[in-house]
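Shown next, in structure tokens, is the structure this report addresses.
Chains as they are written, first to last, in this note's numbering: chain A, 1 to 131; chain B, 1 to 131.
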């Protein structure tokens with residue numbers, strides 16, 4: 001009887017484990033983009049980023065969050081906190097017409113760009129914060 | 001007749017404007033905290049931050065979002081994207097027992113701390129991303 005239980009558990013595990021591994025590799029992809037913007041082009045840049053973020057969230061199922069801010073003390077320093085469903089969703093994102101249009105629009109506005117892959121410690125929110 | 005309109009508008013403005021100013025000063029307070037953690041105390045720090053973020057979001061009405069991440073390439077580099085209902089909510093937050101306990105717990109774990117006030121450009125999300 002105990003051996004039967006053991007065999008049942010092993011068979012169940014064989015079915016369950018691959019799905020767990022797949023879920024792991026399919027985890028959300030998080031990134032922080034840090035940009036420095038040309039000060040005389042800052043307003044144009046902010047408008048382009050706003051339009052881009054709104055479009056990406058609206059039309060792409062794999063773009064979960066784009067929170068873009070600038071530093072109060074250094075308004076040309078912009079950070080974007082980005083969450084994609086997974087790496088595939090990000091790779092899809094950077095080939096979309098709206099992303100390519102955004103990149104073309106801002107290419108002369110962005111002085112530096114640093115992309116930092118990040119891993120969640122805690123993602124806690126009261127409710128959706130979206131404007 | 002036109003003068004009556006003008007007077008009406010001025011009177012209405014007198015009632016409406018103070019509320020607008022109040023709404024402005026009551027806007028969400030956004031910040032990015034950047035920390036460097038002692039590498040041998042990293043796991044303890046992450047656990048303390050996780051517990052703290054969960055508690056703050058659960059018990060404080062004015063703490064809207066605490067998204068804490070570490071850099072994949074530099075795991076001791078931690079960023080927390082913070083949104084409070086307003087500055088008063090933040091000032092309340094830093095006097096709560098759970099915040100003071102968190103600060104006491106991590107005081108020997110944190111090597112550096114930089115607090116950066118930020119202003120939203122676009123806060124776009126598909127749905128609540130919370131773990």
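Heads up, the beta-carbon is just placed ideally off N, CA and C, and yes, glycines get one too. What you are looking at is a predicted structure, and each value in this text was computed from that prediction instead of being measured.
Practice item. Identify the continuous alpha helix (DSSP H) that holds residue 97/A and give its terminal residues. Key: The sequence position of residue 97/A within the first chain is 97, counting from 1. Residues 97 to 106.
**Study point:** CB of residue 102/B within 9 Å of CB of residue 48/B, strictly
**Key:** Mapped onto the second chain, residue 102/B falls at position 102. Mapped onto the second chain, residue 48/B falls at position 48. Yes, the Cβ-Cβ distance between residue 102/B and residue 48/B is below 9 Å.
Point to revise | Residues near residue 108/B in its chain [Cβ-Cβ closer than 8 Å; skip 5 each side] | key: The count along the second chain starts at 1 and reaches residue 108/B at position 108. Excluding positions up to five away in sequence, the list reads 38, 41.
Review point. Going by other Cβ atoms of all chains shown within 10 Å of its Cβ, with 16 needed for buried, is residue 66/A buried or exposed?
Key: Translated into positions along the first chain, residue 66/A becomes position 66. With 16 or more other Cβ atoms from the protein chains shown falling within 10 Å of its own Cβ, residue 66/A counts as buried.
Exercise for review: Rounded to whole angstroms, what's the CA-CA distance from residue 85/A to residue 57/B? Just pull it up for me.
Suggested key: As a first step, residue 85/A is located in the first chain; it is residue number 85 there, counting from the start. As a first step, residue 57/B is located in the second chain; it is residue number 57 there, counting from the start. The straight-line gap from Cα to Cα measures roughly 23 Å.
Check your understanding: In its own chain, which residues sit with a C-beta less than 8 Å from the C-beta of residue 92/A, not counting the 5 before and 5 after it?
Key -> Indexing the first chain from 1 puts residue 92/A at position 92. Counting only Cβ-Cβ distances below 8 Å, and skipping sequence neighbours, we find 60, 62.
Exercise for review: With 9 Å as the threshold, decide whether the Cβ of residue 50/A is near any Cβ in chain B.
Suggested key: By one-based count along the first chain, residue 50/A stands at place 50. Chain B, which has a Cβ nearer than 9 Å to the Cβ of residue 50/A, makes this yes.
Practice item. Report the neighbours of residue 79/A on chain B: residues whose CB is nearer than 9 Å to its CB, in chain order. Key: Along the first chain, read from residue 1 onward, the residue named residue 79/A stands at position 79. Close to residue 79/A, with beta-carbon spacing below 9 Å, are these residues of chain B in chain order: 32, 79, 81, 116, 118.
Point to revise | Under 7 Å by beta carbon: chain B residues contacting residue 69/A | key: Sequence index remark: in the first chain, residue 69/A carries index 69 (1-based). By Cβ distance, chain B contributes 30, 118, 119, 120, 121.
Exercise for review: Using the Cα positions of residue 82/B and residue 100/A, report the straight-line distance between them to the nearest angstrom.
Suggested key: Within the second chain, the letter at position 82 stands for residue 82/B. Within the first chain, the letter at position 100 stands for residue 100/A. The alpha-carbon atoms of residue 82/B and residue 100/A are separated by roughly 30 Å.
Check your understanding: Applying a beta-carbon distance threshold of less than 9 Å, which residues of chain A neighbour residue 43/B?
Key -> Here residue 43/B corresponds to residue number 43 of the second chain, with the count starting at 1. Near residue 43/B there are no residues of chain A at all, since even the closest Cβ is about 11 Å away, more than 9 Å.
Point to revise | Identity of the residue in 29/A, 105/A, 113/A, 33/A nearest residue 68/A by Cα | key: Position 68 of the first chain, counted from the first residue, corresponds to residue 68/A. The option with the nearest alpha carbon to residue 68/A is 33/A.
**Study point:** Own chain partners of residue 111/A with C-beta closer than 6 Å, once the 5 adjacent residues on each side are dropped
**Key:** Taking the first chain and counting its residues from 1, one reaches residue 111/A at position 111. If we look at residue 111/A and ignore the five residues flanking it on each side, its Cβ neighbours are 36, 38.
**Study point:** Proximity to residue 105/A [Cα-Cα], best of 118/A, 87/A, 123/A, 50/A
**Key:** Taking the first residue of the first chain as 1, we reach residue 105/A at position 105. Comparing alpha carbon positions, the residue from 118/A, 87/A, 123/A, 50/A closest to residue 105/A is 50/A.
**Study point:** residue 117/B burial status per 10 Å Cβ neighbour count (16 or more: buried)
**Key:** Locating residue 117/B in the second chain gives position 117, counting from the first residue. Exposed, since its Cβ has fewer than 16 Cβ neighbours within 10 Å.
Practice item. Evaluate residue 79/B with the Cβ neighbour count: other Cβ atoms within 10 Å of its Cβ, from every protein chain shown; 16 or more gives buried, anything less gives exposed. Key: Mapped onto the second chain, residue 79/B falls at position 79. Label assigned to residue 79/B: buried.
**Study point:** Delimiting residues of the alpha helix (DSSP H) encompassing residue 48/A
**Key:** Numbered from 1 along the first chain, position 48 holds the residue referred to as residue 48/A. That run of the alpha helix (DSSP H) goes 42 to 59.
Practice item. Identify the contact partners of residue 57/A in chain B, using a Cβ-Cβ distance below 8 Å as the criterion. Key: Working through the first chain from its first residue, we reach residue 57/A at position 57. Those are 124, 125, 126, listed as they occur along chain B.
Practice item. Helix, strand or coil for residue 89/B, going by three-state DSSP, please let me know. Key: Position 89 of the second chain holds residue 89/B. Three-state DSSP puts residue 89/B in a helix.
**Study point:** Helix, strand or coil at residue 112/A according to DSSP, with G and I counted as helix
**Key:** Counted from its first residue, the first chain places residue 112/A at position 112. Looking at residue 112/A - three-state DSSP - the assignment turns out to be strand.
Check your understanding: Tell me which same chain residues have a C-beta within less than 6 Å of the C-beta of residue 29/A, skipping the five on either side of it?
Key -> Here residue 29/A corresponds to residue number 29 of the first chain, with the count starting at 1. Hits under 6 Å: 84, 86, 87, 90.
Check your understanding: Would DSSP call residue 27/A helix, strand or coil?
Key -> As a working note, residue 27/A is residue 27 in the first chain. Shown here, residue 27/A sits in coil according to DSSP, grouped into three states, outside any helix or strand.
Review point. From residue 31/A to residue 125/B, what distance separates their C-alpha atoms?
Key: For the purposes of this step, residue 31/A is taken as the residue at position 31 of the first chain. For the purposes of this step, residue 125/B is taken as the residue at position 125 of the second chain. Between the alpha carbons of residue 31/A and residue 125/B lies a gap of roughly 14 Å.
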